[in-house]
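Q: Okay, here's the structure, questions in a sec.
Numbering (our numbering), first residue to last: 1 to 374.
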């Protein structure tokens, strides 16, 4: 029995070995079985919408783009580059000379040139360079800060003057060309279209430029004061301002020639523009002024000075009064009051509502003609 036991054990081990080998071989030799993919659905044929439809050809008589080159060649001789020198002071009151650049355009053969007021404002010297390279010192004929216009004079004759058009004929989409001393590097041209008309923009407290032409023509520093012209080579605007921000591109503005023309004419004739005048120096009322002067209101227009003999003086207005009403207009800041005065007429009588201390009062003032600058 013991011998049989010892013989049986090796036989069982050998049998198990062959079974394991056989099982392993059978697993490695079995072929991979791949099932065929399911049949694709038959393609769907869309039903025709209109079997007789055809693509219409474009119009062969579509107008071509205008010739910008011809316009530039016509206008360029009347465009000037303007260079200025302005004395500035640092925080230690040390003077330094700052150079500026702008543009202008000739309105008279004997040397009258239109530009922006901000181009030459505060300049110690002004130099005009013509397209042929000649340079001339310029004197100021007249300026109007409110409309940002100025007229210069150089000692020259037989100059090529620009043709003046009418901005009232413009429509959105019209082609325009801005010509000027862009970046102070000489006269160049940029094309664009009329984007909007009759735009108003506040550029400073109390100063709103109205009736502007918005254009997609690229406006760069140095273009200010240059002409914006139509495809007939006529000046229909005076480049003045642009919006500068990261999100904005290709939005510039020009003063419409229809608004600028009477201002230019008055500057040439008298050196300044006459407007209705009240005769006060103003600042915005606020909480600080209200606390300091014990005012009853903290909005409106605070009077700091009253010119002797002025309409305000004759109406009884005094420093520290706060104007809150002008005619039918509620007044909350300086800009609103200035605009209301300029929209009035010389010799017009207006009712002014104001606070003096804690008392609300009214008075009548007869607006006079503004005196000459200075």
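Glycine included, C-beta positions come from ideal geometry on N, C-alpha and C.
Run through the region 195-267 for me and flag every whole beta strand (DSSP E) of 3 or more residues, listed as ranges in chain order.
A: The qualifying runs are 207-215, 227-229, 234-242 and 252-256.
Q: State buried or exposed for residue 96, treating a residue as buried only when at least 16 other CB atoms are found within 10 Å of its CB.
A: Residue 96 is exposed by the Cβ-count criterion.
Q: Applying the 10 Å Cβ sphere with the 16-neighbour rule, what's the burial state of residue 147?
A: With 16 or more other Cβ atoms within 10 Å, it is buried.
Q: Can you find the residues in the same chain that come closer than 7 angstroms, C-beta to C-beta, to residue 231, ignoring five residues on each side of it along the sequence?
A: These residues qualify, in order along the chain: 66, 71 and 175.
Q: Does DSSP put residue 272 in a helix, in a strand, or in coil?
A: Coil.
Q: Closer than 8 angstroms by C-beta to residue 305: which residues in its own chain qualify, once you throw out the five before and the five after it? Chain order, please.
A: Closer than 8 angstroms at Cβ, skipping near neighbours: 280, 281 and 319.
Q: At the level of alpha carbons, what is the spacing between residue 118 and residue 200?
A: When rounded, the distance between both Cα atoms is 18 angstroms.
Q: Are there three or more Cβ pairs, one per stretch, closer than 8 angstroms when the region 120-137 is compared with the region 153-161?
A: Contact between the region 120-137 and the region 153-161 is present, because at least three Cβ pairs lie under 8 angstroms.
Q: Can you check whether the C-beta of residue 279 is within less than 9 angstroms of a C-beta belonging to chain C?
A: Absent from the structure is chain C; it holds one protein chain and no more.
Q: Which residues in the same chain have their Cβ closer than 7 angstroms to the Cβ of residue 246, if we skip the five residues on either side of it in sequence?
A: Low local confidence applies: a pLDDT of 49 at residue 246 is under 50, so the model's placement there is unreliable, with the coordinate-based value given in what follows. Counting only Cβ-Cβ distances below 7 angstroms, and skipping sequence neighbours, we find nothing.
Q: Measure how close the beta-carbons of residue 182 and residue 223 come, nearest whole angstrom, since I'm counting them as under 8 angstroms.
A: That belief holds up - the Cβ atoms of residue 182 and residue 223 are roughly 5 angstroms apart, short of 8 angstroms.
Q: Can you tell me whether residue 50 is helix, strand or coil according to DSSP?
A: Correct three-state label for residue 50: coil.
Q: What would DSSP say about residue 108, mapped onto helix, strand or coil?
A: Strand, per DSSP.
Q: List the residues that DSSP assigns as beta-bridge partners of residue 163.
A: Its beta-bridge partners are 234.
Q: Using alpha carbons as the reference points, say which of 69, 112 and 339 lies closest to residue 265.
A: The residue with the shortest Cα to Cα distance from residue 265 is 112.
Q: According to the neighbour-count rule (16 or more other Cβ atoms, all chains shown, within 10 Å of its Cβ), is residue 172 buried or exposed?
A: Its Cβ having fewer than 16 others within 10 Å, residue 172 is exposed.
Q: For residue 197, tell me which candidate among 219, 190 and 169 has the shortest Cα-Cα distance.
A: Comparing Cα positions, the closest option is 169.
Q: Exposed or buried, what is residue 287 when buried is set at 16 or more other beta-carbons lying within 10 Å of its beta-carbon?
A: With fewer than 16 other Cβ atoms within 10 Å, it is exposed.
Q: What does DSSP give as the partner residue(s) for residue 89 in the beta ladder?
A: DSSP, once it has assigned bridges, lists 95 as partnering residue 89.
Q: Can you tell which of 207, 360 and 255 has its C-alpha closest to the C-alpha of residue 296?
A: Residue 360 is the option with its Cα nearest to residue 296.
Q: Cα separation between residue 194 and residue 239?
A: When rounded, the distance between both Cα atoms is 13 angstroms.
Q: DSSP on residue 318, reduced to helix/strand/coil?
A: In the structure shown, residue 318 sits in coil (DSSP, three-state: anything other than H, G, I, E or B).
Q: Please return the same chain residues whose Cβ sits closer than 6 angstroms to the Cβ of residue 189, not counting the five positions on each side in sequence.
A: Closer than 6 angstroms at Cβ, skipping near neighbours: 72, 177 and 179.
Q: Based on DSSP bridge pairs, tell me the residues matched to residue 55.
A: Beta-bridge pairing links residue 55 to no other residue.
Q: Judging by CA-CA distance, which residue of 135, 207, 133 and 123 is the nearest neighbour of residue 145?
A: Nearest of 135, 207, 133 and 123 to residue 145, Cα basis: 207.
Q: Measure from the alpha carbon of residue 138 to the alpha carbon of each residue in 123, 255 and 311, then state which is nearest.
A: Comparing Cα positions, the closest option is 123.
Q: Whole angstroms are fine: how far does the CA of residue 55 sit from the CA of residue 48?
A: One C-alpha to the other measures close to 15 angstroms.
Q: According to the neighbour-count rule (16 or more other Cβ atoms, all chains shown, within 10 Å of its Cβ), is residue 408 buried or exposed?
A: Nothing can be reported for residue 408: it is not among the residues displayed for the chain, which extend from 1 to 374.
Q: Quick check: residue 341 and residue 262, are their CB atoms within less than 9 angstroms of each other?
A: No, the pair does not count as a contact, with Cβ atoms beyond the cut-off.
Q: Which residue comes first and which comes last in the alpha helix (DSSP H) that contains residue 296?
A: Residue 296 -> no alpha helix (DSSP H), and no H or E assigned at all.
Q: Given this structure, state the Cα-to-Cα distance separating residue 136 from residue 347, to the nearest angstrom.
A: When rounded, the distance between both Cα atoms is 42 angstroms.
Q: Check whether the Cβ atoms of residue 300 and residue 285 lie closer than 9 angstroms to each other.
A: It is a contact, given that the beta carbons lie within the stated cut-off.
Q: Just the Cα atoms here: how many angstroms apart are residue 225 and residue 337?
A: Taking the straight line joining both Cα atoms gives about 28 angstroms.
Q: Under a Cβ-count criterion, where at least 16 other Cβ atoms within 10 Å of its own Cβ denotes burial, should residue 293 be classed as buried or exposed?
A: Exposed, by the Cβ-count rule.
Q: Between which two residues does the beta strand (DSSP E) carrying residue 349 extend?
A: Residues 349-356.
Q: So, with DSSP's three-state summary, where would you put residue 306?
A: Of the three classes helix, strand and coil, the one that applies to residue 306 here is strand, per DSSP.
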